[in-house]
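In our numbering, the protein residues as written are 8 to 84.
Note that beta-carbon positions come from the ideal geometry of N, C-alpha and C, so glycine has one too.
In this text the structure is predicted, and so the values were computed from the model without any measurement.
A short write-up of the structure that comes next.
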């Protein structure tokens, strides 16, 4: 029989389209559940990294601004 496929442990029964769809939806459902569980932690980490990068950029710009700015002294006559 060319083109027929049986599943191990299926007692020689042919694999149908419904079998494939059921297995696919089971695997995708597990993956989606894992992604939903990991999303809050991922968002928290991404937010923390963003705040850290903004802070570092602010401090680097502040330091560079101090180095390039001239001190001007104004005296009244």
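| query | If you run the structure through DSSP and keep just helix, strand and coil, what is residue 43? | reply | What you label residue 43 is simply residue 36 of the chain shown in a count that begins at 1. Three-state result, residue 43: helix.
| query | If you draw a straight line from the alpha carbon of residue 39 to that of residue 32, how long is it in whole angstroms? | reply | Taking the first residue of the chain shown as 1, we reach residue 39 at position 32. Taking the first residue of the chain shown as 1, we reach residue 32 at position 25. Their backbone Cα atoms lie some 10 Å apart in a straight line.
| Can you list, in chain order, the residues of its chain whose CB lies under 6 Å from that of residue 20, leaving out five sequence neighbours each side? | For this step, residue 20 is matched to residue 13 along the chain shown. Here the set comprises nothing.
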